[in-house]
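Okay, so here's the structure we're looking at.
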Amino acid sequence: MDRVSGYPISITGAETDYRPALSAVAMLRSGTPFLPNLQKFEWCRFEDWMLSVFIMRRSITTFSLRVGFSFSEEGYEQVGRYFDFIADRMPQLEHFHLSVTDSEGCDISQFSQALELLVPRLTNLKSIQFPAFNNTYPIISATSSLSRLTDIRIEFCPPDTPLPSSGPPCILPSRLEMLHVSMTFRDAAGIFHTALPHLLEIRLIS
1 MDRVSGYPIS ITGAETDYRP ALSAVAMLRS GTPFLPNLQK FEWCRFEDWM
51 LSVFIMRRSI TTFSLRVGFS FSEEGYEQVG RYFDFIADRM PQLEHFHLSV
101 TDSEGCDISQ FSQALELLVP RLTNLKSIQF PAFNNTYPII SATSSLSRLT
151 DIRIEFCPPD TPLPSSGPPC ILPSRLEMLH VSMTFRDAAG IFHTALPHLL
201 EIRLIS
């Protein structure tokens, strides 16, 4: 176990049935924590993504989650609980990348709402990247208390994505260097009303 504890881990296999192994990990009762020095964790499995909770550790500083949105109604209810696990089990998180592959007609607002509540709890966060939800302004506004955050990026926004205007002006983290956002021009004006002395790059899709 010590031989792999210091290495990044990425689970991408589409055919391997890893559930028995993860279940065994969850049942470990030895005195040595599983992967105690793990720092980087990437989960690219579209199915059974809740099982990634078994790998979450306090030592992790970089986490990438790529999930598909084709699960059952129970899956909708799990999103908020899963994001609570992120905050509770990876409190030292510095870099977080969320990617959601949704099917036509699926409501991915659960991810947007859960992310909005999660962001202020990740007090060590330095960079965050997330999908172009219908309304990203509340998530960006939620970063205002993160004094170490330097990089906010929203993934590519399709041309026909609606961008509803919402909320009063917000204060961005003062150390912000990189900002890639998708929002209305009105909301964009609302986030640039304060000085950002460290800002190096802006990409705005409106």
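Each step along the sequence shown adds one to the number in the UniProt record's numbering, with nothing skipped, and position 47 is 47. Cβ atoms here follow ideal geometry from the backbone N, Cα and C, with glycine treated the same way.
TODO: Within the same chain, show all residues whose beta-carbon is closer than 8 Å to that of L146, passing over the 5 residues directly before and after it, in chain order.
DONE: The sequence position of residue 146 within the sequence shown is 146, counting from 1. Once the five neighbours on either side are set aside, the close Cβ partners of L146 are V119, P120, L122, T123, L125 and P173.
Task: Those runs of the beta strand (DSSP E) which lie wholly inside the region 110-136 and span at least 3 residues - done: Positions of the beta strand (DSSP E) runs, each at least 3 residues long and wholly inside the region 110-136, are given as 127-130 in order along the chain.
TODO: In the DSSP assignment, find the unbroken alpha helix (DSSP H) run with R186 in it and report its ends.
DONE: Here residue 186 refers to the residue found at position 186 when the sequence shown is read from its first residue. Bounds of the alpha helix (DSSP H) holding R186 are F185 to I191.
Open item on the list: Given this structure, state the Cα-to-Cα distance separating L117 from A142, to the nearest angstrom.
Closed with: Taking the sequence shown and counting its residues from 1, one reaches residue 117 at position 117. Taking the sequence shown and counting its residues from 1, one reaches residue 142 at position 142. The straight-line gap from Cα to Cα measures roughly 8 Å.
TODO: Starting from H180, trace the beta strand (DSSP E) both ways and give me its first and last residue.
DONE: In the sequence shown, counting from the first residue as 1, residue 180 sits at position 180. Start and end: M178 to S182.
Open item on the list: Can you check which of these residues, D84, A188 and L115, is closest to S99 by C-alpha distance?
Closed with: Taking the sequence shown and counting its residues from 1, one reaches residue 99 at position 99. Nearest C-alpha to S99: L115.
- [ ] Give every residue of the same chain whose Cβ lies closer than 6 Å to the Cβ of H97, excluding the five residues on either side of it in the sequence, and list them in chain order.
- [x] Working through the sequence shown from its first residue, we reach residue 97 at position 97. Only S64 and Q129 meet the Cβ criterion.
Open item on the list: Given a cut-off of 9 Å on the beta-carbon distance, is the pair M178 and S206 in contact?
Closed with: Along the sequence shown, read from residue 1 onward, the residue named residue 178 stands at position 178. Along the sequence shown, read from residue 1 onward, the residue named residue 206 stands at position 206. No; because the gap between Cβ atoms is not below 9 Å, this pair is not in contact.
Open item on the list: Beta-carbon within less than 6 Å of residue 220's beta-carbon, same chain only, minus the 5 sequence neighbours each way: which residues are those?
Closed with: Here the chain covers residues 1 to 206 and nothing more, so residue 220 does not appear.
TODO: Could you check what DSSP says for E42 in three-state terms: helix, strand or coil?
DONE: As a position in the sequence shown, residue 42 is number 42, starting the count at 1. E42: strand per DSSP, three-state reduction.
Task: Proximity below 9 Å, CB of L35 to CB of T61 - done: Indexing the sequence shown from 1 puts residue 35 at position 35. Indexing the sequence shown from 1 puts residue 61 at position 61. Not in contact: L35 and T61 (Cβ atoms no closer than 9 Å).
- [ ] Please confirm whether I108 and P138 have their CB atoms less than 9 Å apart.
- [x] Position 108 of the sequence shown, counted from the first residue, corresponds to residue 108. Position 138 of the sequence shown, counted from the first residue, corresponds to residue 138. Cβ distance not < 9 Å, so I108 and P138 don't count as in contact.
Open item on the list: Applying the 10 Å Cβ sphere with the 16-neighbour rule, what's the burial state of F185?
Closed with: Within the sequence shown, the letter at position 185 stands for residue 185. By the neighbour-count definition (other C-beta atoms within 10 Å, threshold 16), F185 is an exposed residue.
Open item on the list: Taking the beta strand (DSSP E) that I202 belongs to, which residues open and close that run?
Closed with: Position 202 of the sequence shown holds residue 202. For I202, the uninterrupted beta strand (DSSP E) run begins and ends at E201 to I205, by DSSP.
Task: Spatial distance of M50 from Y82 (CA atoms) - done: Counting from 1 along the sequence shown, the entry for residue 50 is found at position 50. Counting from 1 along the sequence shown, the entry for residue 82 is found at position 82. Between M50 and Y82, the alpha-carbon positions lie close to 7 Å from each other.
Open item on the list: According to DSSP, is F85 part of a helix, a strand, or is it coil?
Closed with: Translated into positions along the sequence shown, residue 85 becomes position 85. Note: F85 maps to helix in three-state DSSP.
TODO: For F63, write down the residues that DSSP places opposite it in a beta bridge.
DONE: Looking up residue 63 in the sequence shown gives position 63. In the DSSP output, where bridge partners are listed per residue, F63 has F41 and F96.
Task: Neighbourhood of A14 by C-beta distance below 6 Å, restricted to the same chain and skipping five residues each side - done: Within the sequence shown, residue 14 is the residue found at index 14, counting from 1. In this predicted model, A14 has a pLDDT of only 44, less than 50, meaning its place in the structure is not dependable; the value taken from the coordinates is given anyway. The beta carbon of A14 sits closer than 6 Å to no other beta carbon from its chain once the five residues preceding and following it are set aside.
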